[in-house]
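The next block holds one structure in the form of structure tokens; read it before the comments.
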Amino acid sequence: MEFFKKKKKPEAAVQTAPCPSNSTHPFSILEKYIPLSETEIKLYRALREAVPIIDAAISKIIRLTGEFRIICTDSYIESEINKFISNVKVNSCEVGANYFILSHLNQLLTYGTAVGEIVINPEDNSISALYNASLADVALTTKDSPLNLIISHRKKDGSLKPVKYPELVLISSLNPEPGRIYGNSVMKGLPFVSNILLKIFHSIGANWERVGNVRFAVTYKPSSDAGERAYAKERAAQIAAQWSKAMQIGGHPSDFIAVGDVGIKVIGADNQVLESQVPVRQMLEQIVSKLSIPPFLLGLNWSSTETMSDQQAEILGSELEAYRRLLNPVISKICDMWLRLNGYQAEYKISWNKIKLEDQLHIANSRLINAQAREIEKRLEAESMENNTYHMEA
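Take the sequence shown: its position 387, counting from 1, is numbered 387 in our numbering, and each next residue is one higher.
As structure tokens, then:
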């Protein structure tokens, strides 16, 4: 019967994907070795979630980087490779190498290092998919020589196992320091500034919660009469009960009537609320300057005459070109692998679409004009109401 049994087809395996856990330990997370790099991963992920302007700036950079296509000397090969670029499977649900490259750039900007993999289908030796690996599942080390990179898969017990086919793994590093493998995130240096910013926001929220839900201090001072002093405790309890009844929310409004020297003050009413606009702007300026994005592209209209100058457009364009140069080796490795597996040999070049900062400039200018128009409308409405009030009084 074994002779007629259908042979099971080999499945395309991803080397850098996390292994399924068979642990039944209730605290199995303690079994996993957590290196320093994973702490940095959690930190930068938390920064993007806690400070929306950082997430918006990185997303803006990724969208402005644009898409690419391949230009070959052979028109047939060019058509086929671009068809592959458009239709290759990426991760679980996405399609297209452009999506893979932008996700690779997202990981590169956020963590300073990005890891991906070309997944080969062993049945027909073709590229089955492209996979964006998690940095928590991969370790980059060197052994005998600093030029000899070893790519390892991190197991659940914390041990490292070198991948079988390192030539299929795609790695990019952003501004690595000399002697280090891992790169530096564009958010490096922002945790301190962001911590101050979040403290200000938390304090503002706490102050508004206190202001919105007012607390009162009710003070009862008994007179020097011995009889009144004897019943001071009972009268204080009665005052407290009546005050609590008068301040109940949801019932009918009631008055509070007390006999004697009773004083009522709002707790914290004499405190001065700190000015937050200047320090918040100072922190945001540090964040924006680190991420190399003009502030008004992120909705920060600090000046009514702020526009994107040619110098700013040039600087932003050079930043995007630098990110494209980091991505070109990854794209070339994918294309070279596709050409070899399909038996083609042709010269090609990577063609990115033109960076159109003019569109962003027009969008920002239109927002500025709309804001100025709203201010003019409010001023005209206020002047009209003043004139109507003057005529009615006359």
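Every residue gets a Cβ at the ideal spot worked out from N, C-alpha and C, and that includes glycine.
- Close CB contacts of residue 344 within its chain, under the 6 Å cut and outside five residues either way in sequence, are with 77 (chain order).
- Of all alpha-carbon atoms in 99, 330, 260 and 41, the one lying nearest the alpha-carbon of residue 232 is that of 260.
- A direct Cα-Cα distance of roughly 11 Å separates residue 193 from residue 281.
- A Cβ-Cβ separation of about 15 Å leaves residue 47 out of contact with residue 135 under the 8 Å criterion.
- Each of 316, 117 and 105 was checked against the Cα of residue 174, and the nearest Cα belongs to 105.
- By the neighbour-count criterion, in which 16 or more other beta carbons inside 10 Å mark a residue as buried, residue 208 falls on the exposed side.
- The segment 96-112 makes contact with the segment 323-339, as at least three CB pairs between them are under 8 Å.
- No Cβ-Cβ contact shorter than 8 Å links residue 150 with residue 156.
- The alpha-carbon separation between residue 289 and residue 148 amounts to approximately 36 Å.
- In the DSSP secondary-structure assignment, residue 153 is bridged to 138 and 161.
- The beta-carbon separation of residue 169 and residue 115, rounded to 7 Å, stays under the 8 Å limit for a contact.
- For the options 42, 341 and 324, the alpha carbon positioned closest to that of residue 123 is the one of 341.
- Buried is the label assigned to residue 128, since at least 16 other Cβ atoms lie within 10 Å of its Cβ.
- The shortest C-alpha to C-alpha distance from residue 182 to any of 113, 39 and 355 is the one to 113.
- If one requires a minimum length of 3 residues, the beta strand (DSSP E) runs lying completely within the segment 166-194 are 169-173, in chain order.
- Here residue 127 is bridged, per DSSP, to 120.
- The C-alpha of residue 355 is placed about 25 Å away from the C-alpha of residue 88.
- One Cα belongs to residue 284, the other to residue 91, and the distance between them is close to 35 Å.
- The Cβ atoms of residue 71 and residue 378 do not sit closer than 8 Å to each other.
- Listed as beta-bridge partners of residue 220 by DSSP are 262.
- Shown here for residue 326: same chain residues with a beta carbon closer than 6 Å to its own, the five before and five after excluded, namely 172 in chain order.
- Counting along the chain, no beta strand (DSSP E) covers residue 59; the unbroken alpha helix (DSSP H) around it starts and ends at 52-65.
- Within the DSSP secondary-structure output, residue 348 pairs in a beta bridge with 72.
- Counting along the chain, the unbroken alpha helix (DSSP H) around residue 98 starts and ends at 97-111.
- Within the model, the alpha-carbon separation for residue 243 versus residue 203 is close to 29 Å.
- The criterion of a C-beta distance shorter than 8 Å is satisfied by residue 353 and residue 66.
- Contact check for residue 56 and residue 316: beta-carbon distance about 15 Å, past the 8 Å limit, so the pair fails to qualify.
- Closest option to residue 109, judged by alpha-carbon separation, among 188, 50, 80 and 131: 188.
- Excluding sequence positions up to five before and after residue 258, its CB lies within less than 6 Å of the CB of 239, all in the same chain and listed in chain order.
- Under the three-state reduction of DSSP output, residue 377 falls in the helix class.
- Per DSSP, the continuous alpha helix (DSSP H) segment holding residue 285 begins and ends at 277-291.
- Counting of Cβ neighbours within 10 angstroms places residue 381 among the exposed residues, the total staying below 16.
- If you look at residue 244, you'll find it in the alpha helix (DSSP H) that goes 232-246.
- A direct Cα-Cα distance of roughly 19 Å separates residue 294 from residue 277.
- About 6 Å separates the Cβ atoms of residue 54 and residue 287, confirming a contact at the 8 Å cut-off.
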